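S.K.:
Numbering (this note's numbering), first residue to last: 711 to 1220.
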């Protein structure tokens, strides 16, 4: 584990000069509490080809889709290299990358994507909402490629407001087809009637991917969406999105990922890990694993580090450290439904600063209600082996929320060295094997710990703030073995409140 280190979101913001030089900046060694390869930038030949050489017209009015395609093809045929987007405004339809291509945006370059839906046809293979299908092409797309990159200090403008009105009328046919096992080749959409929005950057089954230095915003749906990819580096990217479902980054059944020095201001979750939806996710059966997120900053978004809710293929081996969240809804957010299946395990979070949280600082929730699809099969998820250390901050409605379900308790969750102020403290139900060591929560309304149907809980080296009534509220017939150790509860007038259904020996004080 790394030592704590203070920093401010101000210094994390990426200046153009830093972006321009980012490609030569060394990548620090990855130190994770699990086996993780030391990722390296993909290497490219010295070939340099400008889109202007193939007739691209600057100004933002002439569509340059063909010029982009010809430049990429010419560079590919030479063995790869850098396709240059010069300073200026360049309108285009979808850009399809090929192996060994670095799409490089010079400082002052702006790619503006067409808002004509038909430009993104014919349909291509994607995963949308955790379901495999054929749909409109992502604005930038690659499939089965190796050694690809998007780099430079320019801006990718999705120009996507025309897509956003589809958010409330999207067909649910893809979810039905996934549940019923309809062959993927028959799941063909790409029509305004189906209204399934594409991702901004969609990379499918690619290896050795670098995204570095640019700013991206205004996409139709999920912003950076690698699917079935391996060895991904995303660094010094600024994601500024405000549309519906405009997640920042959505690694989806991917492995070996480094995200660092990125800045998020998103209309949905910031960094969110996916692995498929229900039956279709179980069929594919590919987890997202080996992910390191470090030195990132967010000042808007539904969650900083998020897992789910599409996590049926499982998510494991995740390490976030030395990040700062100011004004996001939540800092750490795990979400699933009672029928989602999948396992979320081996997660480490440490050295995180938060302030002005709009909701929970940390929330682990197996009863996520925003997904209104019908429950088709009872297959509860599993959350286990999660470690959260050295989280500090103030100004949140809730410090910690843990919501397991009757069929599956959230288990093996360990909190250490935390100092938080909030309106509510730790609100936990259906969980077991929890530990709180040197965790100091100061809620404006009692209790500090509100526990229901929990067992094997250790609370060590904490104190009840003055006026807390009670310090601990324990309910539920399944509650047992709650241990208060080496703690000072003198500040609480009434230290404990036990529900009528709680065994009298459920709480011990040492």
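From the three backbone atoms N, C-alpha and C, an ideal C-beta is built for every residue, glycine too.
The structure displayed is predicted, hence computed values, not measured ones.
In terms of residue numbering, what span does the alpha helix (DSSP H) encompassing residue 1195 cover?
M.R.: Per DSSP, residue 1195 belongs to no alpha helix (DSSP H); it is in the beta strand (DSSP E), 1190-1195.
S.K.: Please state whether the Cβ-Cβ distance between residue 1020 and residue 862 is less than 8 Å.
M.R.: no
S.K.: Would you mind working out which of 857, 1006, 1055, 824 sits nearest residue 776, comparing C-alpha positions?
M.R.: 824
S.K.: Under the three-state reduction of DSSP, which class applies to residue 940: helix, strand or coil?
M.R.: In this structure, DSSP gives residue 940 an extended state, which the three-state scheme calls strand.
S.K.: Hey, could you find the ends of the alpha helix (DSSP H) residue 884 is sitting in?
M.R.: 883-890
S.K.: Since residue 1031 sits in a beta bridge, which residues does DSSP pair it with?
M.R.: The partner list for residue 1031 (beta bridge, DSSP) reads 1004, 1060.
S.K.: Going by other Cβ atoms of all chains shown within 10 Å of its Cβ, with 16 needed for buried, is residue 1066 buried or exposed?
M.R.: exposed
S.K.: Whole-angstrom Cβ separation of residue 941 and residue 966, contact assumed at under 8 Å?
M.R.: 5 Å
S.K.: Can you tell me whether residue 917 is helix, strand or coil according to DSSP?
M.R.: strand
S.K.: Who are the near neighbours of residue 1171 in its chain, counting only those whose CB is closer than 7 Å to its CB and skipping five residues on each side?
M.R.: 1147, 1148, 1196, 1197
S.K.: Is the stretch 856-872 touching the stretch 924-944, taking contact as three or more C-beta pairs under 8 Å?
M.R.: yes
S.K.: Within 10 angstroms of the Cβ of residue 1073, are there 16 or more other Cβ atoms? Answer buried if so, exposed if not.
M.R.: buried
S.K.: Let me check understanding here. Comparing Cα to Cα, which of 1164, 768, 943 lies closest to residue 736?
M.R.: Across the set 1164, 768, 943, the C-alpha of 943 shows the shortest separation from the C-alpha of residue 736.
S.K.: Measure the C-alpha to C-alpha separation of residue 951 and residue 1008 and round it to an integer number of angstroms.
M.R.: 12 Å
S.K.: Just to confirm before moving on: does the CB-CB distance between residue 804 and residue 830 stay below 8 Å?
M.R.: The Cβ atoms of residue 804 and residue 830 lie closer than 8 Å to each other.
S.K.: Is it buried or exposed, residue 997, if we count other Cβ atoms within 10 angstroms and call 16 or more buried?
M.R.: buried
S.K.: Which residues does DSSP list as the beta-bridge partners of residue 959?
M.R.: The partner list for residue 959 (beta bridge, DSSP) reads 934, 981.
S.K.: Could you tell me the distance, in whole angstroms, from the CA atom of residue 1076 to the CA atom of residue 849?
M.R.: 33 Å
S.K.: For residue 708 versus residue 1109, is the C-beta spacing smaller than 8 Å?
M.R.: With the chain covering only 711 through 1220, there is no way to say anything about residue 708.
S.K.: Grab me the residues of residue 1219's own chain with a C-beta within less than 7 Å of its C-beta, minus the 5 sequence neighbours each way, in chain order.
M.R.: 1194
S.K.: If you draw a straight line from the alpha carbon of residue 1214 to that of residue 1057, how long is it in whole angstroms?
M.R.: 34 Å
S.K.: For the alpha helix (DSSP H) containing residue 748, name the first residue and the last one.
M.R.: First-last for residue 748: undefined, no H or E at that position.
S.K.: Using C-beta distances below 6 Å, list every residue in its chain close to residue 1070, excluding the 5 sequence neighbours before and after it, in chain order.
M.R.: Within the same chain, residue 1070 has close Cβ partners 1040, 1108, 1111.
S.K.: Between the C-alpha atoms of residue 1143 and residue 1166, what's the straight-line distance to the nearest angstrom?
M.R.: 5 Å
S.K.: If the criterion is Cβ atoms closer than 8 Å, does the pair residue 795 and residue 828 meet it?
M.R.: No, they are not a contact pair.
S.K.: Would you kindly work out how many angstroms separate the C-alpha atoms of residue 1091 and residue 773, rounded to a whole number?
M.R.: 47 Å
S.K.: On the three-state DSSP scale, how would you describe residue 762?
M.R.: helix
S.K.: Could you give the distance in angstroms between the alpha-carbon of residue 935 and the alpha-carbon of residue 870?
M.R.: 16 Å
S.K.: Taking the C-alpha atoms as reference points, what is the distance between residue 723 and residue 977?
M.R.: In this prediction, residue 723 scores a pLDDT of 38, lower than 50, which makes its location untrustworthy; the coordinate-derived value is nonetheless stated afterwards. Looking at the two C-alpha atoms, the distance is approximately 18 Å.
S.K.: Assuming residue 1224 is part of the alpha helix (DSSP H), what are its boundary residues?
M.R.: Lying outside 711 to 1220, the shown extent of the chain, residue 1224 is not represented and no answer is given.
S.K.: How big is the Cα-Cα spacing for residue 1122 and residue 1093?
M.R.: 8 Å
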